[in-house]
C-alpha cells in the first residue's frame, strides 16, 4: 500500500514570513524588525495588519510570488513520490487574493519548482478531520496545534517542521510523540525511512496483499507528464 502524505504549504514549503514582511514594507512604507514574530505581527498595530491583508487580498495572484524555503527539495519530493508510488496532498488555509483561486495559484507555484500535477486542498477546518477523511499516513506542518489535531483525531503520524529558534514548540511536540525536523530535506529523509519500514508494520494483511501486487515492470509516465502529447478529443464522425 502506497504512503499517503499530507503537506502544509506556508512554513513547510513556502516562506510566507519573508513575503509578508516585504509586502508590509511596501504597503506601510516603513521597515519591520526582522527579529519580531510575524505571527504575532509585532510591532504592527491591528489596523496595520488589516491594511497589509487588504493589500494582499487586492493584489493579483499574490500567492504565486511567495519564495520557497528549499526549492530543490520540492523537486526531490516529486522524484521520491514517483519512485515510491506515494500519494501526496498539499493542504493550505491561505485566504484569497485577487486573480485566480488560491487552489490554482498554489498548484501553479508548486509546479514552478518541479512538482507536476499537484493535488491541492484548501482546508477551511481541522487538519485532523482532513487527515482522517483522506486516510493519511503522515502529515507535515509547521504549526504545533495542527500536528496535535492530526494525532488526536486520526491514526496519522505528524511531523512538526520547526524553523524557529524557540525550542519550546519542538519540546512540546516531542512530548506528544510528534516528530520534529528543521528543514524539508530532513523531513524527506524521515519519509524515506518510513517508506522502508511501513510494509513490515502493517501486519498480515499487508503481506497477503503482496501476493496480488502488480508486476514491478508496469509502465509509468515520464518524469514530466506534461511532456506527453495530449490525446485528441473524441470525434464521432471517425
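Numbering (my numbering), first residue to last: 2 to 239.
Ideal Cβ positions, reconstructed from N, Cα and C, are used throughout, including at glycine.
Every value quoted in this text rests on a predicted model; they were computed, and no experiment measured them.
- For the pair residue 59 and residue 99, the CB atoms are nearer than the 9 Å cut-off.
- Distance from the Cα of residue 8 is smallest, within the candidate group 45, 148, 80, 171, for 148.
- Straight-line measurement puts the Cα of residue 50 at about 29 Å from the Cα of residue 185.
- Here DSSP, grouped into helix, strand and coil, assigns residue 99 to strand.
- Inter-segment contact for the segment 138-155 and the segment 100-117 is absent: fewer than three beta-carbon pairs are separated by less than 8 Å.
- The DSSP assignment places 145-154 as complete runs of the alpha helix (DSSP H) inside the segment 139-171, in order along the chain (cut-off: 4 residues).
- The three-state secondary structure of residue 190, taken from DSSP, is helix.
- Within the DSSP bridge table, the entry for residue 69 names 15 as partners.
- Bounds of any beta strand (DSSP E) do not take in residue 228, whose DSSP letter is neither H nor E.
- The beta carbons of residue 161 and residue 179 sit closer together than 9 Å.
- With a beta-carbon spacing of about 3 Å, residue 154 and residue 129 fall inside the 8 Å limit used to define contacts.
- 9 Å or more divides the Cβ of residue 152 from the Cβ of residue 111.
- DSSP places residue 129 inside the alpha helix (DSSP H), whose first and last residues are 128-134.
- The alpha-carbon separation between residue 133 and residue 156 amounts to approximately 7 Å.
- Going by DSSP, residue 179 is part of no alpha helix (DSSP H) at all; its letter is neither H nor E.
- With a cutoff of 9 Å on beta-carbon distance, residue 137 and residue 131 are scored as near each other.
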